[in-house]
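A short write-up of the structure that comes next.
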Amino acid sequence: MSEYIEWGALANIVVVGVLFGAGVPALFALGVRATSSPAAIREDGTVSLPRRIVGFVCFSVIVLAIVGAIIYIAAGGH
Amino acid sequence: MDYANVSILLVLVVATALAFDFTNGFHDTGNAMATSIATRALKPKTAVGLSASLNLVGAFLSLSVAATIATGIVDAGVVTLEVVLAGLVGGILWNLITWFFGIPSSSSHALVGGIVGAVIAAVGTSGVQWTGLVGKVLIPALIAPMVAIAVASIGTWLVVRITRDVEDKTNDRMFRWGQIGSASLVSLAHGTNDAQKSMGIILLALIASGVAPSDSGVPFWVVLSCALAMALGTYIGGWRVIRTLGKGLVELSSRQGMAAETSSAAIILVSSHFGYSLSTTHVATGSIMGSGVGMKGAKVRWSVAGRMFGAWVITVPCAAAVGALAVLIEQGIGGTAGAYVIFGLLVLASAFIYLRSRRTKVDSKNVNDEWESEADNESVVAQSVASHNPQLMRIKSKPRKKKGKKRGKQNHKKKKHKKHKKSEKG
Numbered sequence: 000m001s002e003y004i005e006w007g008a009l010a011n012i013v014v015v016g017v018l019f020g021a022g023v024p025a026l027f028a029l030g031v032r033a034t035s036s037p038a039a040i041r042e043d044g045t046v047s048l049p050r051r052i053v054g055f056v057c058f059s060v061i062v063l064a065i066v067g068a069i070i071y072i073a074a075g076g077h
Numbered sequence: 000m001d002y003a004n005v006s007i008l009l010v011l012v013v014a015t016a017l018a019f020d021f022t023n024g025f026h027d028t029g030n031a032m033a034t035s036i037a038t039r040a041l042k043p044k045t046a047v048g049l050s051a052s053l054n055l056v057g058a059f060l061s062l063s064v065a066a067t068i069a070t071g072i073v074d075a076g077v078v079t080l081e082v083v084l085a086g087l088v089g090g091i092l093w094n095l096i097t098w099f100f101g102i103p104s105s106s107s108h109a110l111v112g113g114i115v116g117a118v119i120a121a122v123g124t125s126g127v128q129w130t131g132l133v134g135k136v137l138i139p140a141l142i143a144p145m146v147a148i149a150v151a152s153i154g155t156w157l158v159v160r161i162t163r164d165v166e167d168k169t170n171d172r173m174f175r176w177g178q179i180g181s182a183s184l185v186s187l188a189h190g191t192n193d194a195q196k197s198m199g200i201i202l203l204a205l206i207a208s209g210v211a212p213s214d215s216g217v218p219f220w221v222v223l224s225c226a227l228a229m230a231l232g233t234y235i236g237g238w239r240v241i242r243t244l245g246k247g248l249v250e251l252s253s254r255q256g257m258a259a260e261t262s263s264a265a266i267i268l269v270s271s272h273f274g275y276s277l278s279t280t281h282v283a284t285g286s287i288m289g290s291g292v293g294m295k296g297a298k299v300r301w302s303v304a305g306r307m308f309g310a311w312v313i314t315v316p317c318a319a320a321v322g323a324l325a326v327l328i329e330q331g332i333g334g335t336a337g338a339y340v341i342f343g344l345l346v347l348a349s350a351f352i353y354l355r356s357r358r359t360k361v362d363s364k365n366v367n368d369e370w371e372s373e374a375d376n377e378s379v380v381a382q383s384v385a386s387h388n389p390q391l392m393r394i395k396s397k398p399r400k401k402k403g404k405k406r407g408k409q410n411h412k413k414k415k416h417k418k419h420k421k422s423e424k425g
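Just so you know, the sequences run in chain order A and B.
Read in numbering that gives the first Met the number 0, the first sequence has 3 at position 4, and its numbers run on one by one without any break.
Read in numbering that gives the first Met the number 0, the second sequence has 90 at position 91, and its numbers run on one by one without any break.
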């Protein structure tokens, strides 16, 4: 079967695919949870600093991932 | 053939390649935008506009066009202009037929199928590298959705779990942004990838006919016209396919949509990075299904999914049949006249499919209508897609009533299709 399926490439795709394809949404969800869950919002409607930092870090990493992807596309990497 | 004949053939090939690019655009809009439209993160028109712009940008973004078609699948030596023309005809017609039935199927597979059929008809089965065809086209069509289902279901499961305490309204508001971002990325990758296929074909045709030197880069007019053809196709929007992807497979929430599109973008980019390109369509469809698998209580309409798998399996042979038929007609008539005739036939067939589609119009207004009402009729047609030659099926299928407007008239047909409806629901 190995002449028909490139198992090595496939394994890489699954591992890295899960890392980014599931990791980025999970990170986004963490950001949402940190900044917008009912537990995060205090009585005066503000969000505590640590939670805001967590949210900021999450969304920043995602933005970096998107920028990286665009650069990758532009560089003709695929 | 003398010079004048070659240039006429060249013009036909370029026109057909642009037409293919156009069908490629509108057939694949749904891959990127169906989820955003279904969850109302974007208005339908805005979504296709955004996708079209990004396709346009994507086409200019990277110009590493290889002047090869179906490398490793057919013998490069036998790909003549006639073969390319016939292959394109096969690709376009299959794209239009699947669009008519609202089935997302891979445009590149349709093109490969058309070319394979044309090669078989022109020089026999020896012109096809079967190992390449199976390994690079047929098996990935089965693998891609499985990988995508796995990744998207993990992503969706994580997202739903992490945000379970967050109010639905807040989730919707936040995740819609994530959806738009991830869908944009898919559009961009699509523009870069797929517009280059048509550019490659046109470049190859220019080189083959001696108009451009063999080491030529892509002329600017080729880049521009391909980019515009695809963007225009995308903007016109394959609403039928968008509807199936956005409403037919899974009832999507914003969280699922975001997880699905991110999974699509990641797999498309990662797979091409590792040199094992998976079809955008197969990945996007698998991701949407995965987002249903990963969410408790979400229902995946596996009957709709099964119909798609069926269509994917027959995409290559069907497009090949059309491509082979085109070559036979071409050779039967001979010379430039043959090319004219199949071009004319292509125009006629396309016009026919378009006019048929007007009867059951799907556009930006009814793209999000409830799915259930016409599912029964659809599954009947789908079965004919799965088991028949598209050439026969086009005319034989009964006139269908689709979309909400005509719901009332549909009642008399319901009894007949009860059986199918049951399976659709189950």
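Just so it is clear, CB atoms sit at the ideal spot from N, CA and C, and this is done for glycine as well.
Bear in mind the structure is a predicted one, so any value in this text is a computation, not a measurement.
CA-to-CA, the gap between residue 39 of chain B and residue 293 of chain B works out to about 21 Å.
According to the DSSP assignment, residue 173 of chain B belongs to the alpha helix (DSSP H) that extends over 167–207. Per DSSP, the unbroken alpha helix (DSSP H) holding residue 34 of chain A starts and ends at 22–35. Around the beta-carbon of residue 193 of chain B, 16 or more other beta-carbon atoms lie within 10 Å, marking it buried. Taken in chain order, the members of the stretch 11–32 of chain A whose beta-carbon sits within less than 7 Å of a beta-carbon on chain B are 11, 12, 13, 15, 16, 17, 19, 20, 21, 23, 24, 25, 27, 28, 29, 31, 32. Burial state of residue 98 of chain B is buried, judged by a 10 Å Cβ sphere holding 16 or more other Cβ atoms.
The criterion of a C-beta distance shorter than 7 Å is not satisfied by residue 82 of chain B and residue 33 of chain B.
Counting along the chain, no alpha helix (DSSP H) covers residue 103 of chain B, and no H or E run does either. Residue environment analysis places residue 6 of chain A among the exposed positions, since fewer than 16 neighbouring C-beta atoms fall within 10 angstroms of its C-beta. Fewer than three Cβ pairs drawn from the stretch 193–213 of chain B and the stretch 319–339 of chain B lie within less than 8 Å of each other, which leaves the two stretches out of contact.
Rounded to the nearest whole angstrom, the C-alpha separation of residue 177 of chain B and residue 251 of chain B is 14 Å.
In the three-state scheme derived from DSSP, where H, G and I count as helix and E and B as strand, residue 40 of chain A is classed as strand.
Residue 103 of chain B sits buried, since 16 or more C-beta atoms from the chains shown fall within 10 Å of its C-beta.
Sixteen is the threshold: when 16 or more other Cβ atoms of the shown chains lie within 10 Å of the Cβ of residue 24 of chain B, as they do, the residue is buried.
Residue state for residue 56 of chain A is assigned as helix, using DSSP reduced to three classes. Residue 78 of chain B carries a coil assignment under DSSP once its states are collapsed to helix, strand and coil.
Taking a Cβ-Cβ threshold of 9 Å, none of the residues of chain A is close to residue 217 of chain B; the smallest such distance is about 13 Å. For the stretch 117–162 of chain B, the continuous alpha helix (DSSP H) assignments of 4+ residues that do not extend past its boundaries occur at 129–132, 138–161, in sequence order. Per the C-alpha coordinates, the member of B/172, B/29, B/21 positioned closest to residue 362 of chain B is B/29. Of the other Cβ atoms in all chains shown, 16 or more fall within 10 Å of the Cβ of residue 329 of chain B; this residue is therefore buried.
Residue pairing by DSSP places residue 14 of chain A opposite no residue, since no beta bridge is assigned to it. With distances taken between CA atoms, residue 197 of chain B lies nearest to B/230 out of B/182, B/230, B/240, B/175. In the DSSP assignment, the residues bridged to residue 73 of chain B are B/127. Look at residue 46 of chain A here: in three-state DSSP terms it is strand. Only those residues of the stretch 6–26 of chain B whose C-beta falls short of 7 Å from the nearest C-beta of chain A would be listed, and there are none. Per DSSP, residue 303 of chain B is one residue of the alpha helix (DSSP H) stretching across 301–332. Of all C-beta pairs linking the stretch 29–46 of chain A to the stretch 309–317 of chain B, fewer than three are shorter than 8 Å, placing the two stretches out of contact. The Cβ-Cβ distance between residue 260 of chain B and residue 366 of chain B does not fall below 7 Å.
Here residue 249 of chain B carries a strand assignment [DSSP, helix/strand/coil].
A Cβ-Cβ separation of about 5 Å places residue 283 of chain B in contact with residue 263 of chain B under the 8 Å criterion.
Within chain A, no residue has its CB atom less than 9 Å from the CB of residue 72 of chain B, the nearest being about 13 Å off.
Contact annotation for residue 158 of chain B against chain A: 24, 25, 27, 28 [CB-CB distance below 8 Å, chain order]. CA-CA distance, residue 59 of chain B to residue 195 of chain B, rounds to 9 Å. Taking residue 202 of chain B as reference, the option from B/72, B/190, B/105, B/218 with the minimal CA-CA separation is B/218. Minimum Cα-Cα distance from residue 9 of chain B among the listed residues B/368, B/74, B/84, B/36 corresponds to B/84. Taking C-alpha positions only, residue 183 of chain B is separated from residue 220 of chain B by approximately 26 Å.
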